[in-house]
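Novice:
Number of protein chains: 2
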Amino acid sequence: MAGKPKLEDVARFAGVSPTTVSRVLNNRGAISDKTRRRVNDAIAQLNYHPNEIARSLFVSKTHFIGLVFPTTGHPFYGELIFQIENILSEKNYKVLICNTMDQAEKEKKYLDMLLANQVDGMIVGAHNIGIETYQRAHLPIVAIDRKVSDTIAVVSSDNYGGGRLATEDLLNQGLTKIIHINSVPCEEAPSSLQRRKGYEDVMKEHGLPFKTYELDYPFDREAKIQILSSIFAQNPAIDGMFISDDMTAAIALSMVRKMKRDIRIVGFDGTETVTTCVPELTTIVQPLRAMAQLAVDLLLKEINNEFDGIKKNYILPVTLRRGT
Amino acid sequence: MAGKPKLEDVARFAGVSPTTVSRVLNNRGAISDKTRRRVNDAIAQLNYHPNEIARSLFVSKTHFIGLVFPTTGHPFYGELIFQIENILSEKNYKVLICNTMDQAEKEKKYLDMLLANQVDGMIVGAHNIGIETYQRAHLPIVAIDRKVSDTIAVVSSDNYGGGRLATEDLLNQGLTKIIHINSVPCEEAPSSLQRRKGYEDVMKEHGLPFKTYELDYPFDREAKIQILSSIFAQNPAIDGMFISDDMTAAIALSMVRKMKRDIRIVGFDGTETVTTCVPELTTIVQPLRAMAQLAVDLLLKEINNEFDGIKKNYILPVTLRRGT
DNA sequence: ATGAAAGCGCTAACAG
DNA sequence: CTGTTAGCGCTTTCAT
Numbered sequence: 001m002a003g004k005p006k007l008e009d010v011a012r013f014a015g016v017s018p019t020t021v022s023r024v025l026n027n028r029g030a031i032s033d034k035t036r037r038r039v040n041d042a043i044a045q046l047n048y049h050p051n052e053i054a055r056s057l058f059v060s061k062t063h064f065i066g067l068v069f070p071t072t073g074h075p076f077y078g079e080l081i082f083q084i085e086n087i088l089s090e091k092n093y094k095v096l097i098c099n100t101m102d103q104a105e106k107e108k109k110y111l112d113m114l115l116a117n118q119v120d121g122m123i124v125g126a127h128n129i130g131i132e133t134y135q136r137a138h139l140p141i142v143a144i145d146r147k148v149s150d151t152i153a154v155v156s157s158d159n160y161g162g163g164r165l166a167t168e169d170l171l172n173q174g175l176t177k178i179i180h181i182n183s184v185p186c187e188e189a190p191s192s193l194q195r196r197k198g199y200e201d202v203m204k205e206h207g208l209p210f211k212t213y214e215l216d217y218p219f220d221r222e223a224k225i226q227i228l229s230s231i232f233a234q235n236p237a238i239d240g241m242f243i244s245d246d247m248t249a250a251i252a253l254s255m256v257r258k259m260k261r262d263i264r265i266v267g268f269d270g271t272e273t274v275t276t277c278v279p280e281l282t283t284i285v286q287p288l289r290a291m292a293q294l295a296v297d298l299l300l301k302e303i304n305n306e307f308d309g310i311k312k313n314y315i316l317p318v319t320l321r322r323g324t
Numbered sequence: 001m002a003g004k005p006k007l008e009d010v011a012r013f014a015g016v017s018p019t020t021v022s023r024v025l026n027n028r029g030a031i032s033d034k035t036r037r038r039v040n041d042a043i044a045q046l047n048y049h050p051n052e053i054a055r056s057l058f059v060s061k062t063h064f065i066g067l068v069f070p071t072t073g074h075p076f077y078g079e080l081i082f083q084i085e086n087i088l089s090e091k092n093y094k095v096l097i098c099n100t101m102d103q104a105e106k107e108k109k110y111l112d113m114l115l116a117n118q119v120d121g122m123i124v125g126a127h128n129i130g131i132e133t134y135q136r137a138h139l140p141i142v143a144i145d146r147k148v149s150d151t152i153a154v155v156s157s158d159n160y161g162g163g164r165l166a167t168e169d170l171l172n173q174g175l176t177k178i179i180h181i182n183s184v185p186c187e188e189a190p191s192s193l194q195r196r197k198g199y200e201d202v203m204k205e206h207g208l209p210f211k212t213y214e215l216d217y218p219f220d221r222e223a224k225i226q227i228l229s230s231i232f233a234q235n236p237a238i239d240g241m242f243i244s245d246d247m248t249a250a251i252a253l254s255m256v257r258k259m260k261r262d263i264r265i266v267g268f269d270g271t272e273t274v275t276t277c278v279p280e281l282t283t284i285v286q287p288l289r290a291m292a293q294l295a296v297d298l299l300l301k302e303i304n305n306e307f308d309g310i311k312k313n314y315i316l317p318v319t320l321r322r323g324t
């Protein structure tokens with residue numbers, strides 16, 4: 001045998017037609033026990049493995065799902081992608097991964113790639129090109145943490161509630177001079193704006209002054225340290241900080257410890273990774289597992305045309321995890 | 001137009017043959033400028049996107065690479081996968097991701113899936129089924145951190161050297177009562193054994209007593225805390241620990257701080273994530289980026305039959321990063 | 001219960 | 001420079 005055996009080889013070996021082999025493979029139609037056995041024997045003998053690509057071409061369904069996220073290297077996305085892939089593989093879907101690195105150009109290239117490879121659907125957590133670009137694909141798509149759209153389901157956690165929860169927790173501890181650190185706002189991903197609004201609303205309701213800083217370069221540690229330093233210098237009297245992501249919060253916590261200042265910090269995300277590395281950090285926990293489950297459920301419903309098509313915006317509750 | 005336009009539709013629209021369209025698409029053969037323009041116009045008009053699946057079937061090459069790792073949710077693998085995917089996408093390869101969760105059964109299922117989907121090659125960092133199982137695939141494969149094999153290239157960092165480096169660093173600080181914490185040894189992934197040997201060799205060379213603990217459940221935080229507690233209780237006099245992974249080291253560091261004991265800790269991995277979250281942790285840094293680059297280079301060479309086929313075991317140098 | 005034939009969308013000889 | 005033809009490996013009518 002030169003190359004890999006194909007269905008035709010199995011058929012010849014078993015002395016039946018390709019059709020029959022296909023039927024055995026897919027459990028379709030009626031097959032006599034004897035034939036089935038003979039075919040299965042041949043499959044085993046030849047160590048035959050069906051070519052899913054050929055099958056995909058014929059049935060016009062690949063069972064591929066594209067996952068478009070900034071990077072698997074960030075714990076929030078890494079863990080979310082893990083959950084999503086896990087649930088999808090359970091349902092016999094396969095995952096093509098795309099790390100956009102927050103670059104619009106890469107995101108566009110990936111979108112084309114996924115379409116060219118006939119994915120059955122996509123879950124998009126990146127946010128550098130307009131969601132309209134995706135709509136043109138006329139494909140089942142679920143977005144995570146994106147601007148609400150008429151045609152695309154969006155799953156996110158309760159960012160506004162999380163912002164409130166974090167701020168209230170600091171207030172409950174008797175703190176009053178609380179600042180907020182956030183990323184630069186992004187039109188396509190309003191989640192950080194929601195967190196900010198939660199913080200500012202609570203501060204206003206309590207008649208307290210508030211101040212929000214917007215950090216750029218969300219993935220660069222050195223830059224964060226620089227900027228945090230100057231923020232600490234500018235705010236010698238603060239006693240609390242709500243920082244809208246755990247990685248930055250962890251850095252701030254470590255700086256506070258070194259400066260021996262008395263500042264309480266609440267972060268956001270609550271991934272296993274950061275909780276493990278920085279158990280003393282209080283944080284707002286996003287329900288990663290539930291978000292993944294919901295996103296997959298919605299996507300598969302769209303793919304199978306069972307989508308009721310009414311509700312398009314899903315907000316999942318967050319919880320506060322107190323640092324130890 | 002009912003479904004997606006296909007190459008034939010473009011041909012008809014442009015008034016040429018399918019072959020010509022294909023040639024324009026793939027820049028093959030000689031095409032008159034006029035024809036090319038007409039075809040490109042048709043492509044744009046119809047918003048045509050080539051079907052890569054059909055193409056793959058014909059050329060018997062998918063440009064798919066399977067990535068088999070325990071989980072994208074762990075920073076080491078999440079960051080490594082990010083690097084690998086990044087380099088591969090640059091070369092127009094696409095990545096199918098598999099989270100084996102340390103389960104042999106899942107790993108086997110994924111292997112079958114990848115073969116069925118005609119991947120051009122695989123990079124394997126999971127280690128629950130024998131590497132021989134992969135050899136049967138007769139496919140270009142590169143392994144990361146696995147038992148050396150005659151037929152499969154293995155990329156790893158200098159685990160033995162890292163173990164030595166970590167231990168020597170503790171000794172250089174005047175510490176002498178140093179224990180080592182490791183995972184349970186695994187036949188297929190000898191890297192932790194190497195780290196252990198590095199530690200034990202150095203201790204022996206200095207005539208010092210040594211003790212290695214083997215932790216199970218490498219990804220479960222609560223279990224780790226339990227076991228670490230009892231280790232701390234059993235060792236009231238230690239002044240140093242070499243812990244063979246950063247996540248566990250971070251937990252230990254946090255416990256040490258709470259107990260106010262004076263114990264220096266050196267971890268292993270040195271991911272961006274953990275370095276960001278726990279900058280005060282001293283650790284042995286694995287060259288993630290270089291490992292990814294080398295693994296991809298080797299894989300693509302095998303795929304393109306440029307593999308010289310001599311050296312099969314690649315060990316990359318580690319560095320020590322001092323905590324701040 | 002089984003087989004023959006057509007074709008999923010594309011590309012690569014081979015002609016012209 | 002362009003078109004005709006055959007076929008990648010599989011599944012599915014439509015016969016028998």
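Protein sequences, first through last, are from chains V and W. If you count the first sequence from 1, position 90 lands on 90 in full-length UniProt numbering, and the numbers rise without skipping. If you count the second sequence from 1, position 97 lands on 97 in full-length UniProt numbering, and the numbers rise without skipping. We put the CB at the ideal spot given by N, CA and C, even for glycine.
Would you check if there are 3 or more beta carbon pairs closer than 8 Å linking the region 233–242 of chain W to the region 169–188 of chain W?
Specialist: yes
Novice: Hey, which unbroken runs of the alpha helix (DSSP H) at 4 residues or more fall wholly within the region 50–125 of chain W?
Specialist: 52–59, 75–90, 104–116
Novice: Run through DSSP, which three-state label would Asn313/V get?
Specialist: Stepping through the first sequence from its first residue, residue 313/V is reached at position 313. Here Asn313/V sits in strand by DSSP.
Novice: What three-state label does DSSP hand Phe268/W in the structure shown?
Specialist: Sequence index remark: in the second sequence, residue 268/W carries index 268 (1-based). Strand.
Novice: Would you tell me roughly how many angstroms separate the C-alpha atoms of Pro190/W and Ile144/W, rounded to the nearest one?
Specialist: Here residue 190/W refers to the residue found at position 190 of the second sequence. Here residue 144/W refers to the residue found at position 144 of the second sequence. Approximately 11 Å, taken between the alpha carbons.
Novice: Could you check how far apart the C-beta atoms of Val142/V and Leu320/V are, in whole angstroms? I think they sit under 8 Å.
Specialist: On the first sequence, residue 142/V is found 142 positions in, with the first residue counted as 1. On the first sequence, residue 320/V is found 320 positions in, with the first residue counted as 1. A Cβ-Cβ distance of about 27 Å is found for the pair Val142/V and Leu320/V, leaving them out of contact under the 8 Å criterion.
Novice: Give me the chain W residues within the contact set of Ile81/V, using Cβ-Cβ distance strictly less than 7 Å, ordered along the chain.
Specialist: Position 81 of the first sequence, counting from 1, holds the residue named residue 81/V. In chain order: Thr72.
Novice: Take the Cβ of Lys61/W as the centre, count every other Cβ of all protein chains shown within 10 Å, and call the residue buried at 16 or more, exposed below.
Specialist: Along the second sequence, one-based indexing puts residue 61/W at 61. Counting Cβ neighbours within 10 Å, Lys61/W comes out exposed, since fewer than 16 surround it.
Novice: Identify the continuous beta strand (DSSP E) that holds Ile179/W and give its terminal residues.
Specialist: Indexing the second sequence from 1 puts residue 179/W at position 179. If you look at Ile179/W, you'll find it in the beta strand (DSSP E) that goes 178–183.
Novice: Residues of chain W with CB under 9 Å from Thr273/V, in chain order?
Specialist: Residue 273/V sits at position 273 when you count from the first residue of the first sequence. Per Cβ cutoff of 9 Å: Gly73, His74, Pro75, Gly78, Met247, Thr273, Val274, Cys277.
Novice: Specify the secondary structure class of Ile227/W as computed by DSSP and reduced to three states.
Specialist: Residue numbering aside, residue 227/W sits at position 227 when the second sequence is read from its first letter. Assigned with DSSP and collapsed to three states, Ile227/W falls in helix.
Novice: Mind pulling the chain W residues with CB within less than 8 Å of Lys94/V?
Specialist: Within the first sequence, residue 94/V is the residue found at index 94, counting from 1. Within 8 Å Cβ-Cβ: Leu96, Met113, Asn117.
Novice: Grab the span of the beta strand (DSSP E) containing residue 327/V for me, first residue to last.
Specialist: Since the displayed chain V opens at 1 and closes at 324, residue 327/V lies outside it and no answer follows.
Novice: Give the residues of chain W in contact with His49/V, contact being defined as C-beta atoms less than 9 Å apart.
Specialist: As a working note, residue 49/V is residue 49 in the first sequence. Those within 9 Å of His49/V in chain W are Asp112, Leu115, Ala116.
Novice: Kindly say whether Asn182/W, judged by its beta-carbon, lies nearer than 8 Å to any beta-carbon of chain V.
Specialist: The count along the second sequence starts at 1 and reaches residue 182/W at position 182. False, the Cβ-Cβ gap to chain V never drops below 8 Å.
Novice: Which complete alpha helix (DSSP H) runs does the region 21–48 of chain V hold, if anything under 4 residues is left out?
Specialist: 33–46
Novice: Could you name the residues of the region 42–69 of chain V whose beta carbon sits closer than 7 Å to any beta carbon of chain W, in the order they occur along the chain?
Specialist: His49, Pro50, Asn51, Glu52, Ile53, Ala54, Ser56, Leu57, Thr62
Novice: Residues of chain W with CB under 8 Å from Ala250/V, in chain order?
Specialist: On the first sequence, position 250 is the one that residue 250/V refers to. Correct list: Thr276, Cys277, Val278.
Novice: Select from Val119/V, Asn26/V, Thr35/V, Gly207/V the residue whose C-alpha is nearest the C-alpha of Ala14/V.
Specialist: Here residue 14/V corresponds to residue number 14 of the first sequence, with the count starting at 1. Checking every option, the nearest Cα to that of Ala14/V belongs to Thr35/V.
Novice: How would you label Gln234/V, buried or exposed, when you count the other beta carbons within 10 angstroms and need 16 or more for buried?
Specialist: One-based indexing of the first sequence puts residue 234/V at position 234. Classification of Gln234/V: exposed, given that the 10 Å Cβ count is below 16.
Novice: Please report how far the alpha carbon of Ser89/V lies from the alpha carbon of Val95/V, in whole angstroms.
Specialist: Here the question's residue 89/V lines up with position 89 in the first sequence. Here the question's residue 95/V lines up with position 95 in the first sequence. So the alpha carbons of these two residues sit roughly 8 Å apart.
Novice: Quick one: is Asn159/W near chain V, going by C-beta distance under 8 Å?
Specialist: Mapped onto the second sequence, residue 159/W falls at position 159. No, Asn159/W does not count as interfacial toward chain V.
Novice: Mind checking if Asn128/W is an interface residue toward chain V, Cβ cutoff 8 Å exclusive?
Specialist: Here residue 128/W is taken as the residue at index 128 of the second sequence, counted from 1. Not an interface residue.
Novice: Is the Cβ of Arg321/W closer than 8 Å to any Cβ of chain V?
Specialist: The residue you call residue 321/W lines up with position 321 of the second sequence. Answer no: the Cβ-Cβ gap between Arg321/W and chain V never drops below 8 Å.
Novice: Is the CB of Asn99/W under 8 Å away from at least one CB in chain V?
Specialist: Here residue 99/W is taken as the residue at index 99 of the second sequence, counted from 1. Cβ-Cβ to chain V under 8 Å: yes for Asn99/W.
Novice: With a cut-off of 8 Å, does the C-beta of Glu85/W fall near any C-beta of chain V?
Specialist: Residue mapping note: residue 85/W aligns to position 85 of the second sequence, counting from 1. It does; some Cβ of chain V falls within 8 Å.
Novice: Nearer than 7 Å: is that true of the beta carbon of Glu306/V relative to any heavy atom of the ligand GTP?
Specialist: Only the bare structure without any ligand can be found here, which leaves the ligand GTP out of the picture.
Novice: If contact means a Cβ-Cβ distance below 7 Å, which residues of the region 202–226 of chain W contact chain V?
Specialist: Arg221
Novice: So with Cβ pairs under 8 Å, would you call Ser149/V a contact of chain W?
Specialist: Here residue 149/V refers to the residue found at position 149 of the first sequence. By this cut-off, Ser149/V is not an interface position.
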